[in-house]
Amino acid sequence: MSKNDIKVALIGNPNTGKTSLFNQLTGLNQKVGNYPGVTVDKKQGISKLSPTQNAIITDLPGTYSINPTSLDESIVLKTLLNNDIKASPDVILVVADVENLKRNLLLFSQIKDLEIPTVLAINMVDQMDRKGISIDLSLLKEELNTEIVLVSARKNEGIKAVKEAIIRCHVAAKASPLCGINSKIDPDYFYKLKEISPNYSLYQLWLMVTQNNFPETITKEEKEKLLAFKQDISKLKKYQHKETIYRYQEINKILKKTYLIDKSKAKDLRSKLDKIFTHKIFGYVFFSLILLVIFQSIFDWSSMPMDIIDATFAQISDFVNRNLPAGVFTDLLTQGIIPGIGGVIIFIPQIAILFLFIAVLEETGYMSRVVFLMDKIMRRFGMNGKSIIPLISGTACAIPAIMATRTISSWKERLITILVTPFTTCSARLPVYAILIALIIPDKKVFGFLNLQGLVLLLLYFLGFASAILAAYILHKTLKIKTKSFFVVEMPNYKLPSVKNILFEVVEKTKAFVFGAGKIILALSIVLWFLASNGGSDYKNAEQIVVTNVDNQNLNDEELQQKIASVKLEKSYIGVLGKTIEPVIKPLGYDWKIGIALITSFAAREVFVGTLATIYSVEADDEDTTTIKQKMASEINPDTGKKRFNFPVGMSLMVFYAFAMQCMATLAIVKRETKSWKWPLIQLFGMALLAYVSSLLTYQILS
Amino acid sequence: MSTIATLNIGEIGYISEESLDFIPLKLLEMGCLPGAEVKLVQIAPLKDPLYICVNGSHLAIRKETASQIQILKANN
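So the protein lines, in turn, are chains A and B.
This note's numbering applies: residue 1000 is where the first sequence begins, and numbers increase by one.
This note's numbering applies: residue 18 is where the second sequence begins, and numbers increase by one.
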């Protein structure tokens, strides 16, 4: 970044192709970060305007006006009020949709009144002929007193003209306001407001008053004077209403002279498609089909790349193990860091596929129709129409599902969705369920055709969904979060998705996951490794103890090594931890070995099987479940002399895994998405408590 | 009293001047202005939300909001 770079803020209504334009201007020079001091993601990119001139373009969240109603929109306001030379934009690039020019110009007129140099990019002009739209560009430029460029971001047309306009605009004189709100509403009132500070435009001061948002650059004295204007709230509201109506009057006047739309030419594809997609029966049928396809694809398409990633990391680990000298560092690499990174990378296929589908649904405009269909149903449970997507995709993996909640604008509804999504039965629960069902449920038919084991699995999926919905209802009734219940969703026109936009979206979200959650997962993996491979004096002498024990004299070398490994685990910090928590988990029917598995599988549920495999001194071959199963089946409870994994213990464990939030990655992503440790910790302990109580009841009732 | 919520599908009305104070600023900014033509395009299967077309914008709003916005029906 150099001093001469032009700082450009990209602003526009949602669905105007703002992101397409951003992608065209910046290409792969994009970066996602947080706005300083605010907890919302910020997208920036560098655009080469000319051989000697670069621009840093900040993609601001889509908004209909500068008066914010959501966190996203308040970012726009904050950016525009900032008068700090370093942070405030030099040029504002407003993107408008040629078809909805009137509404788009409302935002433009507000921006223009800030008196910051502004370029207006009218997008999707390739649609003009088809929709019967004609624009008198030179007259419009004159009337709006601004640089205007006609572009088609999807077709990469007009991008060069946008760059040239930014440069021209940057060197031009200070911009003048378009509407001049003062004269029409209450000249005296606005004159007094303007008197307060010469450093801000009248509209900036007006926004500070109406939005109660004061930039750091404002002096204490000025702020006090501005606060005096806030005394009469009803007057403010009235003036805001008047302002909006006045703006529309001005816009209408200008468009009447410059913009023509021949409605007879408009082909009404939208209403035909809407008739199907929002139909009271077909609408739901179509939506169910889409979900089925997504659901299937996440499992089908991702299994092969996931297996390859899994195998690759095992090979890397193996390679490092063989080629580096044995020691603590090699162990840390092979048992902590490499599997830790692998545990992050392995989610990439599922995340990428899910975001591919979500991006397509968003881009085509279908998502708004789903929101329309589902809003009423989901509202009863404190969520909204958009919550259905995370809940369904949670059956693959809670991580991409929780990332998908970002489309939900109400914080309470989004938070509830984030908190309940981990209840849905994700794919990591499958290995646990599979092995336990195989151990305790007889392989027989019920009603002559239903497989009993399959039926139990289905019930567990149902349990997941039911508990998510129930938890949402309870949270809805208990969470005291004030959010505006106001709800409006634009139903955009149907569009063919742009491959470029979708690829950018998938890459960006996947990257955000890998680097965001990755750090935390890696750190916790290292901690777990340390606890499992270190211990007190008993741990260090484990080999000695095993070798000198008379019972072990007849074992062959391999069996002896396994025995040593198993004793080491028992004496390691995590083994001691398992012993420590034994009294707590005993009422659930578990011993310290299962306790260790519970602790290690906090990282990820599927670790449960692998841990038990190690503990029961089986070759750590995760693929070969029969041997693990056999070992588990033959494990004896020394207190009763009977099988350790009997029906009550198995059921209790399954219930535990259904409810407990045994997933470090989810915890990390909830922290990332809620931007605090508060909610993931509440979720962790809440779900653990529920898991404990339910398992306790299950075990005590069944045994 | 006619409001947006009392329209039938396909029916057109005009937002009345009196309802100005009841229209949330956000909706006003999205084009729900007094005097504007409103068409009820579709009602969600559970009778809420409503899908309207006003001033060229296609919006879904909840019934609660729609019933606060008074209109004059086109054929009255």
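Beta carbons: idealized from backbone N, C-alpha and C, even for Gly.
Could you work out which residues of chain A lie near residue i, taking near to mean beta carbons separated by less than 8 Å?
i: Leu63 (chain B); result: Lys1375 and Ile1376
i: Ser15 (chain B); result: Outside the displayed span of chain B (18 to 93) sits residue 15 (chain B), for which this structure offers no information.
i: Val55 (chain B); result: Within chain A, no residue comes near Val55 (chain B); the closest Cβ sits about 14 Å away, beyond 8 Å.
i: Ala83 (chain B); result: Those do not exist, as Ala83 (chain B) stays about 10 Å from chain A at its closest Cβ, beyond 8 Å.
Does DSSP put residue i in a helix, in a strand, or in coil?
i: Cys1178 (chain A); result: coil
i: Gln1452 (chain A); result: helix
i: Lys1229 (chain A); result: coil
i: Ser1367 (chain A); result: helix
i: Ile1005 (chain A); result: strand
i: His1240 (chain A); result: helix
i: Lys1641 (chain A); result: strand
i: Ser1019 (chain A); result: helix
i: Cys1168 (chain A); result: helix
i: Thr1216 (chain A); result: coil
i: Tyr68 (chain B); result: strand
i: Leu1080 (chain A); result: helix
i: Val1093 (chain A); result: strand
i: Ile86 (chain B); result: coil
i: Val1488 (chain A); result: strand
Is the beta carbon of residue j closer than 8 Å to that of residue i?
i: Met1731 (chain A); j: Ile1387 (chain A); result: Within the shown structure, residues of chain A are numbered from 1000 to 1702, placing residue 1731 (chain A) beyond reach of any answer.
i: Asp1374 (chain A); j: Pro66 (chain B); result: yes
i: Val1161 (chain A); j: Ala1227 (chain A); result: no
i: Ile1056 (chain A); j: Leu1027 (chain A); result: no
i: Ala1760 (chain A); j: Lys1567 (chain A); result: Outside the modelled stretch of chain A, which goes from 1000 to 1702, sits residue 1760 (chain A), for which no answer is possible.
i: Tyr1352 (chain A); j: Ser1296 (chain A); result: A quick correction: the sequence has Ile, not Tyr, at residue 1352 (chain A). Result yes, Cβ atoms of Ile1352 (chain A) and Ser1296 (chain A) sit closer than 8 Å.
i: Asn1014 (chain A); j: Glu1489 (chain A); result: yes
i: Pro1176 (chain A); j: Leu1080 (chain A); result: no
i: Ser1523 (chain A); j: Ser1571 (chain A); result: This sequence places Leu at residue 1523 (chain A); Ser is not what is there. No, these two residues do not count as a Cβ contact at 8 Å.
i: Lys1030 (chain A); j: Gly1061 (chain A); result: no
i: His1240 (chain A); j: Leu63 (chain B); result: no
Rounding to the nearest angstrom, what Cα-Cα distance links residue i and residue j in this structure?
i: Phe1655 (chain A); j: Phe1601 (chain A); result: 12 Å
i: Lys1536 (chain A); j: Glu1569 (chain A); result: First, the amino acid is wrong: residue 1536 (chain A) is Ser here, not Lys. So the two alpha carbons sit approximately 12 Å from each other.
i: Thr1624 (chain A); j: Ala1603 (chain A); result: Low per-residue confidence applies at Thr1624 (chain A): pLDDT is 47, beneath 50, and the placement is therefore not dependable enough to give any value.
i: Leu1355 (chain A); j: Cys1396 (chain A); result: 15 Å
i: Ser1675 (chain A); j: Asn1492 (chain A); result: 37 Å
i: Glu1223 (chain A); j: Leu1192 (chain A); result: 12 Å
i: Asp1330 (chain A); j: Gly1341 (chain A); result: 15 Å
i: Asp1299 (chain A); j: Asn1383 (chain A); result: 29 Å
i: Thr20 (chain B); j: Thr1673 (chain A); result: 39 Å
i: Ile1166 (chain A); j: Thr1145 (chain A); result: 13 Å
i: Ser1532 (chain A); j: Arg1321 (chain A); result: 19 Å
i: Leu1597 (chain A); j: Thr1477 (chain A); result: 30 Å
i: Pro1186 (chain A); j: Tyr1472 (chain A); result: 51 Å
i: Pro1647 (chain A); j: Leu1438 (chain A); result: 11 Å
i: Ala1152 (chain A); j: Ile1336 (chain A); result: 43 Å
i: Glu34 (chain B); j: Ile1244 (chain A); result: 11 Å
i: Asn1003 (chain A); j: Ala1054 (chain A); result: 9 Å
i: Ser1263 (chain A); j: Asp1128 (chain A); result: 12 Å
Using a 10 Å radius around the Cβ and a threshold of 16 neighbouring Cβ atoms, would you call residue i buried or exposed?
i: Pro1679 (chain A); result: buried
i: Tyr1190 (chain A); result: exposed
i: Gln1682 (chain A); result: buried
i: Ala1358 (chain A); result: buried
i: Asn25 (chain B); result: exposed
i: Glu1704 (chain A); result: Residue coverage of chain A in this structure runs from 1000 to 1702, which leaves residue 1704 (chain A) outside it and unanswerable.
i: Thr1068 (chain A); result: buried
i: Ile1480 (chain A); result: exposed
i: Gly1326 (chain A); result: exposed
i: Gln1314 (chain A); result: exposed
i: Leu1139 (chain A); result: buried
i: Gly95 (chain B); result: Outside the displayed span of chain B (18 to 93) sits residue 95 (chain B), for which this structure offers no information.
i: Gly95 (chain B); result: There is no way to answer for residue 95 (chain B), as the model of chain B reaches only from 18 to 93.
List, in chain order, every chain B residue whose beta-carbon is nearer than 7 Å to that of residue i.
i: Leu1272 (chain A); result: Result: empty, since nearest Cβ-Cβ is about 12 Å, beyond 7 Å.
i: Tyr1247 (chain A); result: Leu50
i: Val1371 (chain A); result: One point to set straight first is that residue 1371 (chain A) is Phe, not Val, in the sequence displayed. Simply Ala61, Pro66, Tyr68 and Ala77.
The ligand HEM and residue i: does any heavy atom of the ligand fall closer than 7 Å to the residue's C-beta?
i: Ala1471 (chain A); result: Summarising the ligand content, the structure contains no ligands, and the ligand HEM is consequently not present.
Run down chain B in chain order and give the residues with a C-beta less than 9 Å from the C-beta of residue i.
i: Phe1601 (chain A); result: Neighbours of Phe1601 (chain A) on chain B: none; closest Cβ ~40 Å, over 9 Å.
i: Thr1673 (chain A); result: Simply none; closest approach about 25 Å.
i: Asn990 (chain A); result: This structure does not reach residue 990 (chain A), given that chain A is present from 1000 up to 1702, and the question cannot be answered.
Which residues in chain B sit within 8 Å of residue i, going by Cβ to Cβ distance?
i: Tyr1063 (chain A); result: Lys43, Glu46 and Met47
i: Asn1636 (chain A); result: Simply none; closest approach about 52 Å.
Chain A partners of residue i, CB-CB under 7 Å?
i: Leu37 (chain B); result: His1240
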